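Numbering follows the working numbering, with no gaps: position 213 of the sequence shown is 491. For each residue, glycine too, the CB sits at the ideal point set by N, CA and C. Computed from a prediction, not measured in an experiment: that's the story for all the values here. Structure first, commentary second.
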Amino acid sequence: MLKPLFWDDGCLRLLDQRLLPHEEKWLDLTTWQEVRSAITDMAVRGAPAIGICAAYGMALAAKNADDLEPARLGLASARPTAVNLAAALDRIMEATVLDFEGILSIAKSMEREDLDTNLAIGKNGAKLVPDNANVLTICNTGSIATAGHGTALGIIRTAHEQGKVRQVWSCETRPRLQGLKLTAWELMKDEIPFCSVVDSAAAALMRSAQVDIVIVGADRIATNGDTANKIGTYMLAILAKHHGVPFIVAAPRTTFDLTAPDGSRFVVEERGDREITHIEEVRLAPEGCPVFNPAFDVTPGELLTYIVDETGVHEPPYAF
Ligand code: MRU
279 MLKPLFWDDG CLRLLDQRLL PHEEKWLDLT TWQEVRSAIT DMAVRGAPAI
329 GICAAYGMAL AAKNADDLEP ARLGLASARP TAVNLAAALD RIMEATVLDF
379 EGILSIAKSM EREDLDTNLA IGKNGAKLVP DNANVLTICN TGSIATAGHG
429 TALGIIRTAH EQGKVRQVWS CETRPRLQGL KLTAWELMKD EIPFCSVVDS
479 AAAALMRSAQ VDIVIVGADR IATNGDTANK IGTYMLAILA KHHGVPFIVA
529 APRTTFDLTA PDGSRFVVEE RGDREITHIE EVRLAPEGCP VFNPAFDVTP
579 GELLTYIVDE TGVHEPPYAF
């Protein structure tokens, strides 16, 4: 099974997702500051993966005898939207013994638990996938966005093992192209039939009845089901509602922010202009072109058909 990271001989080994699918290069991270940069620069991304990565960052801080509070604050601010990051750091700070061995053992437990969680999400969600399904998804919610198997892509994987998936429509996911680069890479490795499409193809595909179900991940879910996820998710939910296509959000409990009654106060990360104005090193936009680059949007809970977690399937009105 693909994994984005593992602990090895005193350092965190991290698959550099910025270089995929062309190069599989592993980074050796030995300080919490390196872990922070890896999260901010998106060498690792995906809500569960960044939470686990931050936990290992805290283990590195303890190993190097750094003060833990600045490490916690630095890691917590590496990316603001995915609540898994804060949840992982809170779990560590609540531990009774905050030494290296203790923190490392919590980080390893989080990694193991996340894999078990995703296998359960896969099983719970596959029940919702009809036979011979054309499934549309966005971003990358697979093995490398988690400790393995994935959330939305985990459901697709499990449903494919059960022979239910005809084809996946994988939205390219502008601007960083996690769909085109990472989801395509994972689907090819698992020999799951798929087709990459530009994000703006979704409406036409739904109108021509070529989508039976939409399955996406989440970065933060409020008590009323409002869900922050990759920019473009809200648009897909409106399209799915209009065309009568079931719309599923898949996420572990660590993605639920039950302190938030709704998504109105979710912090949506804004990333740099270059992600839009350039592709790799090539400038496409005119010099000085103004851009706005929110990395996520918030989909109202009432647009979702179901939310699937490791405990089961939830439908509105939600009582998590
Ligand atoms: O900016 P990214 O690549 O970290 O965004 C990832 C997503 O939006 C995923 O859908 C979400 O984190 C769930 S990953 C299992």
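Burial check for residue 567: the Cβ neighbour count within 10 Å stays below 16, so the residue is exposed. Not a single heavy atom of the ligand MRU lies less than 7 angstroms from the C-beta of residue 479.
Beta-bridge partners assigned by DSSP to residue 572: 548. Here residue 463 is buried, its C-beta having at least 16 other C-beta atoms within 10 Å. DSSP, read as helix, strand or coil, puts residue 311 in helix. Taking a cut-off of 8 angstroms for Cβ pairs, the region 303-315 and the region 334-348 touch, as three or more such pairs fall below it. Secondary structure note for residue 486: it is in no beta strand (DSSP E), with a DSSP letter that is neither H nor E. Residue burial is scored here from C-beta neighbours: residue 539 has fewer than 16 other C-beta atoms within 10 angstroms and is therefore classed as exposed. Partner residues in a beta bridge of residue 463, as assigned by DSSP, do not exist.
Note on geometry: alpha-carbon atoms of residue 285 and residue 308 lie some 11 angstroms from one another. Between the beta-carbon of residue 499 and that of residue 533 there is about 6 angstroms, and that keeps the pair under the 8 angstroms contact cut. A contact between stretches requires three or more CB pairs, one per stretch, nearer than 8 angstroms, and the region 504-512 fails this requirement with the region 405-413.
Taking 8 angstroms as the cut-off, the Cβ atoms of residue 403 and residue 523 do not count as close. Within the region 367-441, the runs of beta strand (DSSP E) that reach at least 3 residues and sit entirely inside it are, in chain order, 411-415.
Under the 8 angstroms Cβ criterion, the region 537-552 counts as touching the region 573-587, having at least three qualifying pairs. Membership of residue 505 in the beta strand (DSSP E) is indicated by the continuous run 505-508. In the DSSP annotation of this structure, the continuous segment of the beta strand (DSSP E) that includes residue 283 starts and ends at 283-286. Looking from the CA of residue 557, the closest CA among 339, 454 and 349 belongs to 454.
The C-alpha of residue 426 lies about 25 angstroms from the C-alpha of residue 350. Distances from the CB of residue 360 to the heavy atoms of the ligand MRU include at least one below 7 angstroms. Annotation for residue 508 indicates a beta carbon within 7 angstroms of some heavy atom of the ligand MRU.
Relative to the ligand MRU, residue 446 has its C-beta separated by 7 angstroms or more from all heavy atoms.
Excluding sequence positions up to five before and after residue 594, its CB lies within less than 8 angstroms of the CB of 503, 579, 580 and 582, all in the same chain and listed in chain order. Rounded to whole angstroms, the gap between the alpha carbons of residue 323 and residue 512 is 20 angstroms.
Contact between residue 514 and residue 494 holds, since their C-beta atoms are separated by about 7 angstroms, short of 8 angstroms. A distance below 7 angstroms between beta-carbons, with the five flanking residues on each side excluded, links residue 345 to no residue of its chain. Per DSSP, residue 290 is one residue of the beta strand (DSSP E) stretching across 289-293. Of the heavy atoms belonging to the ligand MRU, none sits nearer than 7 angstroms to the Cβ of residue 400.
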